[in-house]
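Top line first, the protein sequences correspond to chains F and L.
By the working numbering, the letter at position 257 of the first sequence is numbered 757, and the numbering carries on one by one without gaps.
By the working numbering, the letter at position 31 of the second sequence is numbered 52, and the numbering carries on one by one without gaps.
One structure is given here, and the rest of the page talks about it.
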Amino acid sequence: MAVEQPTRTQDATPPGDQTRIHDIGYRSYDGPRLGRAYARRSLYSQSLRGAYGLGRSAKSKVLPMLLFVVMCLPAGIMVAVTVATKAGELPLGYTRYAIVMQAVISLYVASQAPQSVSRDLRFKTVPLYFSRPIETSDYVRAKFAALASALFLLTAAPLLVLYVGALLAELDFADQTKGFAQGVVSVALLSLLFAGLGLVIAAVTPRRGFGIAAVIAVLTISYGAVSTLQAIAYVQDSTSAIAWIGLFSPVTLIDGVQSAFLGASSAFPGGVGPSTAEGVVYLLVTLGLIAGAYGLLNRRYQKAGL
Amino acid sequence: MAGVTTVVNVTVIATESLSKRFPRVTALDRLSMDIGPGVTGLVGANGAGKSTLIKILLGLSPATEGRAEVLGLDVATEGAAIRERVGYMPEHDCLPPDVSATEFVVHMARMSGLPSAAARERTADTLRHVGLYEERYRPIGGYSTGMKQRVKLAQALVHDPRLVFLDEPTNGLDPVGRDEMLGLIRRIHTDFGISVLVTSHLLGELERTCDHVVVVDGGTLLRSSSTTDFTQTTTTLAIEVTDTDEHPDGTRAVREALDARGVTVEDGSGLPGAGRVLLLTAAGEETCDLVRDVIAELGLGLVRMEQRRHHIAEVFKDGDATRKEAVGHGR
């Protein structure tokens, strides 16, 4: 390096200019350059921390932390009640918890997905990433994985509280472990789905406000609409329609998958979950949406190049 | 790490009939050039193809035809390796307002592959070198345009690249900020040993800063030559002296004395202080010594004696037809 860059000197202070501190010598960097995989991991950890406001201003910590507490608080109360009343089971199943709390989860996605990607678009930071070794797919994978992990933390933490509480209440160990495992698989799927949808919507607009509104519309309003339609179908005794209507909202999609495969009791009206065949459709739609979201994000950033 | 063994005259950027065509526009048209180490100015009007060229050189946009190498690496196949050793400062705003310069530049250093500890150390160094001190801990949102430009420059330099692309770095700066930025760009090469490709649509700016200027227009190469060719084929001295009781018109006295010694002197009409400024063609240091001696003999005070260089801009005042000859002779 020294041969290659002969002009680099340790004391390059030009005479007569000693008052300026920044004229002290330039040191070149000969250390390791860790490349793409390292850059992707760094972006992942930075985005994951950012999703909880860490490394950002105090103001941006408030909402994600508050939502985290709101998510865990009911679990804590349920555990306390279970232990105190010596009830034989938890008031709410592991798999039902996220469905009941879907509004909180949606709010979290709506606030953090735009934070994660709209900022880079709005402040045109994206070109700085792509003028470095990482490629479009690295950026998308890091952002996707970060938001999914953040959501998994948010949804799995209360399940852990429930599980630990259930064991403290000396409920059946095998039963509880099975339920907990099913719950964890279910929220993992939910995290991937919600992260994908949230990011795709947020990546379309550089405006954070629009992003937040659009994410809430897609996650929460669609759930309200689908539930209403299902209720109408139930009242009119067209039970077969209930399952198909459920395909059109992310929350009911997860509900359908877990009632078909993860032993969950369905939150659909009348507790009529999809049959196994319908469940396969639910699972395929869910996985298709996750893959589609990943593909769309890649396409989106191909264009956002420089 | 190809091509680092020889020190002298390494080609930093080489293009060979490089073309880029969009459905409706031809951004680059068979551009061939070689750029060596040092500070190179890329001049052209808006839309001349400067930004397109930078994108291709970063390996982010494929060329329609032709090939290009940066630091001996092919842009079509070794884009990632190029981007690891090259820095890029975009023309537009690219900074999030809610983080501090330090946090932002550390993050960007890690994106370039620097381990955390090295990223922090290099960030502190680089921000100091571009002239950001205590303010680097405050959110970028509160910075002036000049400070933001420095942060943009710092993120391009933080991984100690061998070459930086600076896209319109003086945009939006006031005259003082402009001069500081140009000085900084000069130092990137002289003090840091990093080669620079800097774009501008203002020719005058690049005169003082660059070793070499490439002029593109409509995607074709108009001219590629060193700034000394542009501006230093003749050196003109400008002299201004005081008057004394003995010589009430000092300017005239000097003129006559120099005429007597066979030096042709012209009035500096059209310059600031016209009528009091004399211009003469300097053959070298002897001429300066001669002028000094003459003035000392006459007992006059020398207000100024400075080299006046031709400005690159003068080269382009002529019509297109005569432009190329004019450049060659420095007028």
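Built from N, CA and C at the ideal position, the CB exists for glycine as well.
Owing to the predicted nature of the structure, the values given are computational and were not obtained by experimental measurement.
Classification of residue i by the beta-carbon crowding that lies within 10 angstroms, buried from 16 upward
i      : result
L/V29  : The predicted model places L/V29 with a pLDDT of 48, which falls under 50 and marks its position as unreliable, so this point remains unresolved.
F/K559 : exposed
F/G788 : exposed
L/F43  : exposed
L/T285 : exposed
L/H180 : buried
L/P83  : exposed
L/P190 : buried
F/D638 : buried
F/T585 : exposed
F/D620 : buried
L/L113 : The residue asked about is misnamed: residue 113 of chain L is His in this sequence, not Leu. With fewer than 16 Cβ atoms within 10 Å of its Cβ, L/H113 is classed as exposed.
L/V46  : exposed
L/M129 : buried
F/S557 : exposed
F/G588 : exposed
L/V312 : buried
F/M565 : exposed
F/I742 : buried
L/P269 : exposed
F/A791 : exposed
F/Y594 : buried
F/A767 : buried
F/Q758 : buried
Given residue i as reference, the closest of the options once Cα atoms are compared
i      : options                           : result
L/S40  : L/V324, L/T32, L/T61 and L/T85    : L/T85
F/A702 : F/P769, F/L647 and F/E778         : F/L647
L/S137 : L/T263, L/G87 and L/T123          : L/T123
L/G283 : L/V315, L/D188, L/G134 and L/V151 : L/V315
F/S618 : F/G711, F/V569, F/T655 and F/I742 : F/G711
L/R106 : L/V120, L/G134 and L/A97          : L/G134
L/L187 : L/G271, L/D195 and L/L205         : L/L205
F/P574 : F/I605, F/P658 and F/S631         : F/P658
L/C356 : L/H150, L/G240, L/D238 and L/S221 : One cannot answer for residue 356 of chain L here, as it falls past the ends of chain L, which runs 22 to 352.
F/Q802 : F/V780, F/V704, F/V600 and F/P591 : F/V704
L/R157 : L/P118, L/A66 and L/T36           : L/P118
L/V91  : L/L311, L/A259, L/G108 and L/A35  : L/A35
L/G317 : L/L301, L/L299 and L/A274         : A small correction: the amino acid at residue 317 of chain L is Ala; Gly does not occupy that position in the sequence shown. The candidate whose alpha carbon is nearest that of L/A317 is L/A274.
L/R171 : L/V126, L/L81, L/G240 and L/F213  : L/V126
L/A177 : L/M54, L/L218, L/D310 and L/D50   : L/L218
F/L567 : F/S611, F/A681 and F/V640         : F/S611
F/A665 : F/I577, F/F768, F/V640 and F/A688 : Per the sequence shown, residue 665 of chain F should be read as Gly rather than Ala. Minimum Cα distance to F/G665 is reached at F/I577.
L/G162 : L/C115, L/I260, L/T257 and L/N67  : L/C115
Contact set between residue i and chain L, taken where Cβ atoms lie within less than 7 Å
i      : result
F/I811 : Nothing about residue 811 of chain F can be read from this structure; chain F reaches only from 501 to 806.
F/Q546 : H128
Interface residues of chain F facing residue i [CB-CB closer than 7 Å]
i      : result
L/F43  : By Cβ distance, chain F contributes nothing, its closest Cβ being about 14 Å from L/F43, past 7 Å.
L/R104 : S631, R632 and P633
L/D146 : R527
L/A101 : R536 and P633
Under 9 Å by beta carbon: chain F residues contacting residue i
i      : result
L/A35  : In chain order: nothing, as chain F lies at least about 18 Å away.
L/H180 : Y529, R533 and R632
L/Q176 : L628
L/A139 : Y529, G531 and P532
Interface partners of residue i on chain C, CB under 8 Å
i     : result
L/P83 : Here the protein chains are F and L, and chain C is not one of them.
Residue i: contacting residues in chain F (beta-carbon distance under 8 Å)
i      : result
L/R143 : Y529
L/A48  : What L/A48 touches in chain F: nothing, since even the nearest Cβ is about 13 Å away.
L/Y109 : P627, L628 and S631
L/P190 : Those do not exist, as L/P190 stays about 15 Å from chain F at its closest Cβ, beyond 8 Å.
Closer than 7 Å: residue i CB and nearest the ligand MG heavy atom
i      : result
L/V234 : Among the ligands in the structure shown, none appear at all, so the ligand MG cannot be discussed.
Item to check | Contact residues within the segment 613–633 of chain F, judged by C-beta distance below 7 Å to chain L | outcome: R619, F623, K624, T625, P627, L628, Y629, F630, S631, R632 and P633
Next on the checklist: Taking beta-carbon pairs under 7 Å, can you tell me which members of the segment 525–544 of chain F lie near chain L?
Outcome noted: So the list reads Y526, R527, S528, Y529, G531, P532, R533, L534, G535, R536, Y538, A539, S542 and L543, given in the order they occur along the chain.
Item to check | Complete alpha helix (DSSP H) runs within the segment 729–783 of chain F (minimum length 4 residues, chain order) | outcome: 739–745 and 750–761
Checklist entry - Taking any Cβ of chain F, which residues in the segment 112–127 of chain L have a Cβ under 8 Å from it, in chain order? => result Those residues of the segment 112–127 of chain L that come within reach of chain F (Cβ to Cβ, closer than 8 Å) are H113, D114, C115, L116, P117, P118, D119, V120 and E124.
Item to check | Contact residues within the segment 550–564 of chain F, judged by C-beta distance below 8 Å to chain L | outcome: Cβ contacts with chain L come from G555, R556, S557 and S560.
Next on the checklist: Going residue by residue through the segment 25–103 of chain L, where are the continuous beta strand (DSSP E) segments of at least 3 residues, counting only ones entirely within it?
Outcome noted: 34–42, 47–56, 60–64 and 86–91
Checklist entry - For the segment 527–581 of chain F, which segments carrying the alpha helix (DSSP H) assignment without a break, of at least 4 residues, lie completely within its bounds, in sequence order? => result 535–551
Checklist entry - According to a CB-to-CB cut-off of less than 9 Å, which residues of the segment 68–94 of chain L neighbour chain F? => result S72, I75, K76, L79, L81 and S82
Item to check | Inside the segment 119–206 of chain L only - alpha helix (DSSP H) runs reaching at least 4 residues | outcome: 122–132, 137–150 and 166–178
Item to check | Residue ranges of each beta strand (DSSP E) within the segment 214–277 of chain L, 3 or longer | outcome: As for any beta strand (DSSP E) of minimum length 3 sitting wholly inside the segment 214–277 of chain L, the runs are 216–221, 233–238, 241–247 and 257–262, ordered along the chain.
Checklist entry - In chain order, which continuous runs of the alpha helix (DSSP H) of length 4 or greater are located wholly inside the segment 664–733 of chain F? => result 673–704 and 708–716
Checklist entry - Taking only runs of the alpha helix (DSSP H) that begin and end inside the segment 586–669 of chain F, which ones reach a length of at least 4 residues, in chain order? => result 594–600, 602–622, 626–630 and 636–668
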